[in-house]
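Peer 1: Sharing a structure below in structure tokens format, with a few things to ask.
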Amino acid sequence: MRRSHLSELEVQQFALRESDGNESIMNHIKQCEQCELRVQTYTTLFSAIAGQGKPGFDVSELVMSQISQPQTTNVFQEMLFYFICSLCIFILGLSFYLVENPLFNLFSNLDSFSIFCFGIVVCVLFSLLLSEKYKDFQQKIKQLKIN
Amino acid sequence: MEYSDNDRQEDQHLVERVLRGDTDAFKSIIDRTQGLVTQIVFKMITNEEDRRDVAQDIYLKVFHKLGSFQYQSKLSTWVWQIAFNTSANYLKKKKLILFDQTIAGSESNGDLAGGINHEDEFASSIEKDLINKDLSKILSLEIDRLSPLYKTLITLFHIEETSYSEIAQIVGLPEGTVKSYLFRARKILKDQLSVAYKNGAL
């Protein structure tokens with residue numbers, strides 16, 4: 001049996017049952033009250049730590065609301081989308097074909113100032129729409145930005 | 148740490164579902180890992196509001212990086228790694244200390260059979276009342292006083308019962324270093340509780 005007291009590491013390992021059944025350590029602890037108490041201190045400390053409460057914290061709802069939900073591949077929805085697009089193109093093409101002359105006359109009869117005004121309005125509206133889309137894009141990127 | 152084929156297949160299935168756009172699968176990842184992520188965030192970060200932000204940030208990163216997951220460790224371990232790294236980055240940004248090397252160094256000197264001063268009385272005192280409420284309260288305060296890394300290691304090992312090898316993967320340190328830091332953290336806690344007993348707090 002060893003005469004010297006156990007080191008702090010040996011005491012911790014014994015309390016954690018990590019000593020691999022080292023007989024000299026076990027025999028020493030049986031004979032030495034001091035070392036037995038030291039082991040008991042750690043054993044008590046470990047059970048007290050294990051008994052510490054766990055934080056109640058739920059982030060799943062917050063996270064799920066922030067994640068942009070990718071569309072699940074729904075064949076029917078895709079078909080509907082393509083059908084509506086094709087229908088729109090067809091209606092637009094047909095309308096243009098039917099009112100081609102009046103439409104052409106509408107623009108050709110306008111003076112250059114009116115065309116200029118019309119062009120300006122279209123450009124301003126397009127710029128506003130573009131800046132709004134860019135802001136939206138920046139906001140989404142910021143949310144997903146990795147530090 | 149073993150990453151069995153069953154675990155790998157299960158992880159692969161879950162990741163594929165998330166990548167296909169199944170948000171329920173991602174919620175299931177959150178449910179599986181949230182307990183330990185919360186523990187890591189709570190031990191590393193003291194500010195209440197920041198904890199919530201960091202926890203959200205962790206899962207947004209997981210969602211964003213899921214496509215690049217290499218299956219070299221369990222999915223849950225990978226999530227906890229991200230949780231630890233994100234929290235450590237937060238501390239770095241706020242110029243807070245993750246781990247005080249000077250304290251760790253000085254504590255390691257007390258390795259030998261010293262420090263039995265008030266320990267005997269302390270041990271017999273707490274032996275009488277294992278579920279001492281004061282002990283639990285003071286222990287909680289003493290754990291909070293440890294450095295964020297020590298707090299996290301103590302929590303992962305003693306509360307969450309995570310193995311040394313998995314802790315090593317999570318915090319990105321060698322297993323031997325984890326064991327050594329845990330030894331020091333336990334000794335600091337025991338010494339602090341002995342001092343508390345000496346001062347009559349227990």
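Chains as they are written, first to last, in the working numbering: chain V, 1 to 147; chain X, 148 to 349.
Positions of the beta carbon are idealized from the N, C-alpha and C atoms, including for glycine.
Expressed to the nearest angstrom, what Euclidean distance is found between the alpha-carbon atoms of residue 337 of chain X and residue 54 of chain V?
Peer 2: Those two C-alpha atoms are separated by around 21 Å.
Peer 1: According to DSSP, is residue 320 of chain X part of a helix, a strand, or is it coil?
Peer 2: DSSP places residue 320 of chain X in coil when its eight states are reduced to three.
Peer 1: Where does residue 160 of chain X land, buried or exposed, given buried means 16+ other C-beta within 10 angstroms?
Peer 2: With fewer than 16 Cβ atoms within 10 Å of its Cβ, residue 160 of chain X is classed as exposed.
Peer 1: Going by beta-carbon coordinates alone, are residue 186 of chain X and residue 306 of chain X separated by less than 8 Å?
Peer 2: The answer is yes: Cβ separation under 8 Å.
Peer 1: Who are the neighbours of residue 25 of chain V on chain X, taking C-beta pairs under 7 Å?
Peer 2: Ordered by position in chain X, no residue passes the 7 Å Cβ test against residue 25 of chain V, which lies about 13 Å from the chain.
Peer 1: Compare the C-beta of residue 179 of chain X against all C-beta atoms of chain V and say whether one is closer than 8 Å.
Peer 2: No - not a single Cβ of chain V is within 8 Å of the one on residue 179 of chain X.
Peer 1: Specify, as a first and last residue, the run of the alpha helix (DSSP H) that residue 59 of chain V falls within.
Peer 2: Where residue 59 of chain V is concerned, there is no enclosing alpha helix (DSSP H), given that its DSSP letter is neither H nor E.
Peer 1: For a cutoff of 8 Å on Cβ pairs, would you count residue 42 of chain V as touching chain X?
Peer 2: Yes, its Cβ sits closer than 8 Å to a Cβ of chain X.
Peer 1: Which same chain residues end up closer than 6 Å to residue 105 of chain V when comparing Cβ atoms and leaving out the 5 residues on each side of it in sequence?
Peer 2: The answer is none, since no qualifying residue turns up.
Peer 1: Where residue 230 of chain X and residue 237 of chain X are concerned, what is the direct C-alpha to C-alpha distance, given to the nearest angstrom?
Peer 2: Taking the straight line from one Cα to the other gives about 11 Å.
Peer 1: Quick check: the Cα distance between residue 52 of chain V and residue 243 of chain X, rounded to an integer number of angstroms?
Peer 2: The alpha-carbon atoms of residue 52 of chain V and residue 243 of chain X are separated by roughly 25 Å.
Peer 1: Could you check if residue 79 of chain V is buried or exposed, using at least 16 other CB atoms within 10 Å of its CB as the buried criterion?
Peer 2: Per the 10 Å Cβ criterion, exposed.
Peer 1: Mapping the DSSP letters down to three states, classify residue 335 of chain X as helix, strand or coil.
Peer 2: Three-state result, residue 335 of chain X: helix.
Peer 1: With a threshold of 8 Å between beta-carbons, can residue 333 of chain X be considered close to chain V, or not?
Peer 2: Residue 333 of chain X counts as touching chain V.
Peer 1: Please state the DSSP three-state secondary structure of residue 5 of chain V.
Peer 2: Residue 5 of chain V falls in the coil class under three-state DSSP.
Peer 1: So with CB distances below 8 Å, who are the chain X contacts of residue 29 of chain V?
Peer 2: In chain order: nothing, as chain X lies at least about 13 Å away.
Peer 1: When we look at the beta-carbon of residue 46 of chain V and count the other beta-carbons within 10 Å, is it buried (16 or more) or exposed?
Peer 2: When all chains shown are included, residue 46 of chain V counts as buried.
Peer 1: What residues of chain X sit near residue 54 of chain V, judged by a beta carbon separation below 8 Å?
Peer 2: Neighbours of residue 54 of chain V on chain X, chain order: 182, 185, 186, 306.
Peer 1: Give a yes or no on whether the minimum CB-CB distance between residue 210 of chain X and chain V is below 8 Å.
Peer 2: So, interface residue.
Peer 1: Beta-carbon of residue 87 of chain V versus every beta-carbon of chain X: anything under 8 Å?
Peer 2: No, no contact with chain X.
Peer 1: Would you please state the rounded distance, in angstroms, between the beta carbons of residue 218 of chain X and residue 158 of chain X? I believe it to be under 8 Å.
Peer 2: Residue 218 of chain X to residue 158 of chain X, Cβ: 7 Å. Contact.
Peer 1: So with CB distances below 7 Å, who are the chain V contacts of residue 231 of chain X?
Peer 2: None at all; the shortest Cβ gap to chain V is about 14 Å.
Peer 1: Using only the alpha-carbon positions, how far apart do residue 75 of chain V and residue 89 of chain V sit?
Peer 2: For residue 75 of chain V and residue 89 of chain V, the distance between alpha carbons rounds to 21 Å.
Peer 1: In chain order, what residues of the same chain have a beta carbon less than 7 Å from the beta carbon of residue 201 of chain X, not counting five sequence neighbours either side?
Peer 2: The residues are 188, 192, 233, 234, 237.
Peer 1: Give a yes or no on whether 8 Å exceeds the smallest Cβ distance from residue 76 of chain V to chain X.
Peer 2: No, no contact with chain X.
Peer 1: Quick check: is the beta carbon of residue 258 of chain X nearer than 8 Å to any beta carbon in chain V?
Peer 2: Residue placement at residue 258 of chain X is flagged as unreliable, the pLDDT there being 44, under the threshold of 50; the coordinate-derived value follows with that caveat. Residue 258 of chain X counts as touching chain V.
Peer 1: DSSP on residue 118 of chain V, reduced to helix/strand/coil?
Peer 2: If DSSP states are grouped into helix, strand and coil, residue 118 of chain V belongs with the helices.
Peer 1: Among X:315, X:215, X:240, which residue has its Cα nearest to the Cα of residue 299 of chain X?
Peer 2: For residue 299 of chain X, the nearest C-alpha among the options comes from X:315.
Peer 1: When you compare only the Cα positions, how much space is there between residue 252 of chain X and residue 294 of chain X?
Peer 2: Bear in mind that a pLDDT of 46 at residue 252 of chain X, under 50, signals an unreliable position, so the number given afterwards is only what the model happens to contain. Answer to the nearest angstrom: the Cα atoms are 13 Å apart.
Peer 1: What number of angstroms, rounded off, separates the C-alpha of residue 116 of chain V from the C-alpha of residue 110 of chain V?
Peer 2: So the alpha carbons of these two residues sit roughly 10 Å apart.
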